[in-house]
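What follows is a set of notes on a single structure, which appears directly below.
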Amino acid sequence: MSDRNQKPSVPKAAVERMQVLRSEIERHNDLYYSAKPELPDADFDLLLRELLDLEAQYPDLVAPDSPTQHVGAPQNTPFAPVEHRMPMMSLDNAFDQSELQAWAGRVAKGLDLDDSAAAVGYICELKIDGLACSLRYENGDLVQAATRGNGKVGEDITDNVRGISVIPETLAGDAPAVVEVRGEIYLPVEKFNELNEAQEKAGLPRYANPRNTAAGSLRQKDASVTASRGLAFWSYQLGVVEGGPTLSGHGEALEWLAGLGFPVNPQWRRASSIDDVVAFADQWLEHRHDLEYEIDGAVVKVDRLDRQNQLGSTAKAPRWAIAYKYPPEEKTTKLLDIMVSIGRTGKATPFAVLEPVFVGGSTVQMATLHNKDQVELKDVHPGDTVIVRKAGDVIPEVVGPVLGERPDGQATWEFPVNCPVCETKLVRPDGEAHTFCVNPACPGQQQGKLEYFCSRGAMDIEGMGESRVALFIEQGFIVDVADIYTIDWDEVAKLEGFGATSISNLQAAIEESKQRPLANLLIGLGIRHLGPAGAEVLAKTFGHMDDIIAASAEDIAAIEGIGPTIATSVASYFDEEGAKRLVEKFRAAGLNLEGPEAPDEPQTLVGKVLVVTGGLEQFTRDGVKEAIVSRGGKNPGSVSKKTTAVVIGDNPGASKLNKATELEIPTLNEEQFIQLLETGELP
Ligand code: IVH
6 MSDRNQKPSV PKAAVERMQV LRSEIERHND LYYSAKPELP DADFDLLLRE LLDLEAQYPD
66 LVAPDSPTQH VGAPQNTPFA PVEHRMPMMS LDNAFDQSEL QAWAGRVAKG LDLDDSAAAV
126 GYICELKIDG LACSLRYENG DLVQAATRGN GKVGEDITDN VRGISVIPET LAGDAPAVVE
186 VRGEIYLPVE KFNELNEAQE KAGLPRYANP RNTAAGSLRQ KDASVTASRG LAFWSYQLGV
246 VEGGPTLSGH GEALEWLAGL GFPVNPQWRR ASSIDDVVAF ADQWLEHRHD LEYEIDGAVV
306 KVDRLDRQNQ LGSTAKAPRW AIAYKYPPEE KTTKLLDIMV SIGRTGKATP FAVLEPVFVG
366 GSTVQMATLH NKDQVELKDV HPGDTVIVRK AGDVIPEVVG PVLGERPDGQ ATWEFPVNCP
426 VCETKLVRPD GEAHTFCVNP ACPGQQQGKL EYFCSRGAMD IEGMGESRVA LFIEQGFIVD
486 VADIYTIDWD EVAKLEGFGA TSISNLQAAI EESKQRPLAN LLIGLGIRHL GPAGAEVLAK
546 TFGHMDDIIA ASAEDIAAIE GIGPTIATSV ASYFDEEGAK RLVEKFRAAG LNLEGPEAPD
606 EPQTLVGKVL VVTGGLEQFT RDGVKEAIVS RGGKNPGSVS KKTTAVVIGD NPGASKLNKA
666 TELEIPTLNE EQFIQLLETG ELP
């Protein structure tokens with residue numbers, strides 16, 4: 006191949022970053038659709054944006070299964086699937102005026118208009134922060150409601166939607182034979198606050214924000230629970246229509262929908278230029294909290310329907326509309342105090358206690374300050390007015406003080422010398438950013454250990470969150486993690502807020518956790534340096550907790566994939582009598598102590614990373630992966646310096662070949678690959 010034809014080689018960092026981005030985006034998509042998002046929307050958008058940029062730069066690396074090629078889809082659902090007769094698309098985003106202008110330029114070009122936006126004609130709407138839903142009416146009666154799902158297939162939520170009082174059961178006036186209306190189901194902020202007050206009274210954790218709460222409320226199996234939540238709906242788009250008037254514009258469609266009795270948000274406006282659109286969005290950015298619902302931007306749509314048709318859509322979104330998203334929100338509030346919490350490892354973390362402030366969709370009253378140096382760097386003093394930022398959902402952050410509002414002579418804050426829980430002197434190891442309480446019996450650590458044990462990545466005991474763990478420790482029901490399995494439920498029943506249902510739910514969750522894989526139990530113990538991958542390898546290699554306990558640091562370090570630091574940490578953890586006692590308690594409670602069955606194939610490829618490019622004769626694409634993974638090897642999609650060898654089949658990819666040459670990685674033909682599978686030796 007001549008140089009001229011060679012594609013530019015792709016930097017390794019870009020390939021790796023794209024892999025990370027894809028898997029992170031998929032993971033967050035799943036979490037989002039199970040109403041357990043971990044990431045603020047704004048941050049999710051940034052990930053997606055970064056991946057799109059990389060894919061634009063390296064189009065060869067756009068995998069057909071990349072999340073950029075499909076709209077997020079729900080995974081496990083108790084609701085029946087509904088195929089959308091007209092796909093429910095998402096929207097592309099513009100994050101600033103120049104991106105909005107660029108979109109307007111593309112629209113004008115697509116319509117063969119000159120760049121004067123006035124000729125286009127837009128409709129501006131608020132971008133409601135809720136969940137998209139499609140409602141189908143036949144002869145004026147509501148017959149089906151569905152979520153967006155992956156855009157092609159959603160979930161049937163008709164029963165639940167019938168409990169949303171603003172959604173008409175029957176249409177007013179001259180209803181067409183069929184009309185599908187798309188809109189947003191949302192939870193009004195007031196209802197959200199009421200729900201949280203009730204949660205607090207019951208000693209239960211607060212809901213994170215109205216959008217997630219709306220999602221959770223909608224996904225109830227019991228439709229009467231949905232009905233009790235006070236969800237509402239704004240209609241903003243037509244789907245399939247059969248019969249009905251001839252409409253020429255989106256504005257007309259909105260007016261028609263309102264006439265049929267659909268709730269149409271009254272704030273929509275016509276705009277004749279992008280400046281008008283920006284003015285609309287800016288006005289609502291300033292007044293968003295005057296609204297009774299949450300918005301996260303504005304949506305701009307080309308008004309004329311013939312022009313919408315002319316512009317068409319990409320696989321994911323229409324070209325005739327765009328979401329103009331608001332930046333993460335910031336608010337100011339009072340820093341009431343700085344306190345220090347003790348985590349499961351004894352780490353002493355300072356955090357801000359704030360006058361409650363509603364920001365980025367939920368009330369924030371605490372925010373981590375990470376460590377001593379961060380407090381000094383941010384220069385925050387108790388009593389300061391501080392700026393708090395919360396990008397949509399999850400982690401609130403103190404940005405810094407408003408210095409102009411600092412009272413004269415305001416005292417600085419000193420990191421405590423002693424543990425605030427057990428009074429032991431705190432220690433900051435040389436070169437470490439963090440400070441620790443080194444007393445293993447510190448009740449602060451105990452709380453952290455128990456919470457960690459019950460958390461999703463470990464034993465996943467639903468209902469055993471921070472407040473219940475704290476309560477059970479305080480009541481003396483639990484001291485170590487194994488005590489969870491011998492809780493005296495008669496005593497729990499005497500506590501306020503523990504009815505028969507909540508007790509039986511908690512008991513069931515605890516019972517279920519007994520069968521978790523051995524790796525989860527190992528993770529739950531919180532052994533220093535041992536992460537999920539290490540725990541998996543230990544469980545798989547030793548096959549039983551007793552064999553792990555009996556193993557020496559050398560035995561453990563001999564395992565492929567386990568370094569000396571983890572090995573020493575695991576061995577010294579189980580050297581302690583306390584750890585052995587804990588395991589005996591687990592055994593008595595009937596917990597699973599066995600690892601997964603030993604693999605069938607000889608483990609010839611442990612520690613080897615093989616990348617395959619091009620078609621092989623004796624293996625399908627999935628088959629080759631299976632052949633590598635089942636022998637303990639890794640089979641990533643791209644070549645890196647960790648790659649042991651690249652297997653070359655028919656029509657190999659240029660970028661993988663180039664990379665292999667650049668990094669001087671050995672290449673194998675199919676025959677040599679089969680030899681490697683059998684012997685584990687590189688030819
Ligand atoms: S129009 C084909 N209009 O934002 C166009 N969507 O980020 C379909 N959304 O999936 C969407 N307010 O769930 C449209 N006024 C509005 C909206 C809106 C909120 C949601 C909708 C959409 C998502 C895209």
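In my numbering, the protein residues as written are 6 to 688.
Ideal Cβ placement from N, Cα and C applies to all residues, glycine included.
Query	Result
Quick one: what's got a C-beta closer than 8 Å to Asp-488's C-beta in the same chain, skipping five residues either side?	Phe-482, Lys-590
Pick from Val-403, Arg-275, Ser-367, Ser-233: whose alpha carbon is nearest that of Ala-124?	Arg-275
Compute the minimum distance between the beta carbon of Ser-367 and the heavy atoms of the ligand IVH, and state whether it is under 7 Å.	no
So what does Val-404 bridge to, in DSSP terms?	Beta-bridge pairing links Val-404 to no other residue.
What residue range does the alpha helix (DSSP H) around Val-415 cover?	Checking the sequence, you will find Gln at residue 415 rather than Val. Segment: none, Gln-415 is in no alpha helix (DSSP H) and carries neither H nor E.
Only counting the same chain, and skipping five residues up and downstream in sequence, which positions put a Cβ closer than 7 Å to that of Asp-164?	Ala-228
Might you give, ordered along the chain, the residues of its own chain that have their beta carbon closer than 6 Å to the beta carbon of Cys-459, omitting 5 neighbours on each side?	Ile-466, Met-469
Note the first and the last residue of the continuous alpha helix (DSSP H) segment covering Lys-377.	377-383
Suppose contacts are defined by Cβ-Cβ distances below 8 Å. Is Cys-138 in contact with Gly-188 by that definition?	yes
Could you tell me the distance, in whole angstroms, from the CA atom of Lys-92 to the CA atom of Asn-314?	Residue 92 is actually Pro in this sequence, not Lys. Whole-angstrom Cα-Cα distance: 14 Å.
Could you check which residue in Ile-169, Ser-170, Leu-176 has the C-alpha nearest to that of Gly-266?	Leu-176
Return yes when the C-beta of Ala-326 is under 7 Å from any heavy atom of the ligand IVH, and no when it is not.	yes
Can you name the start and end residues of the alpha helix (DSSP H) that Lys-206 belongs to?	194-206
Would you say Gln-242 touches the ligand IVH, meaning its beta carbon is less than 7 Å from a heavy atom?	yes
Indicate the three-state DSSP secondary structure (helix, strand or coil) for Phe-547 in the structure shown.	helix
How many Å lie between Leu-615 and Val-25 at the Cα?	18 Å
Could you check how far apart the C-beta atoms of Ala-572 and Ala-558 are, in whole angstroms? I think they sit under 8 Å.	5 Å
Compute the minimum distance between the beta carbon of Lys-132 and the heavy atoms of the ligand IVH, and state whether it is under 7 Å.	yes
May I ask you to report which of helix, strand or coil DSSP gives Ser-240?	strand
Buried or exposed: where does Gln-80 fall if 16 or more other Cβ atoms within 10 Å of its Cβ makes it buried?	Low confidence applies here, because Gln-80 scores a pLDDT of 43, under 50, leaving its location unreliable; read the following figure in that light. Flag for Gln-80 reads exposed.
Any chance the stretch 637-644 sits against the stretch 594-613, with 3 or more Cβ pairs inside 8 Å?	yes
Going along the chain, which residues of its own chain have a beta-carbon closer than 7 Å to the beta-carbon of Gly-145, five neighbours each way excluded?	Thr-175, Leu-176, Ala-180
What are the residues that DSSP puts in a beta bridge with Asp-161?	Ala-151
Could you tell me the alpha carbon to alpha carbon distance between Gly-221 and Gly-135, rounded to whole angstroms?	11 Å
Using three-state DSSP, classify Asn-34 as helix, strand or coil.	helix
Roughly how many angstroms separate the alpha carbons of Asp-117 and Gly-619, rounded to a whole number?	43 Å
What residues in its chain sit with their C-beta under 7 Å from that of Asn-10, if we drop five residues either side in the sequence?	Low confidence applies to Asn-10: its pLDDT is 33, below 50, so where it sits in the model is not reliable enough to give any reading.
May I ask whether a heavy atom of the ligand IVH can be found less than 7 Å away from the beta carbon of Arg-187?	yes
Would you call the CB atoms of Val-426 and Ala-357 closer than 8 Å?	no
Please give me, in chain order, every unbroken run of the alpha helix (DSSP H) with length at least 4 that falls completely inside the stretch 487-519.	494-498, 505-518
Taking the DSSP output, what are the residues bridged to Leu-673?	Val-652
Helix, strand or coil for Asp-627? Go by DSSP, reduced to three states.	helix
How many angstroms separate the CA atom of Arg-626 from the CA atom of Arg-54?	29 Å
Please classify Thr-152 as buried or exposed, where buried requires at least 16 neighbouring CB atoms within 10 angstroms.	buried
Tell me the rounded alpha-carbon separation between Gln-451 and Thr-491.	17 Å
Buried or exposed: which applies to Thr-506, given that a residue is buried once 16 or more other Cβ atoms fall within 10 Å of its Cβ?	exposed
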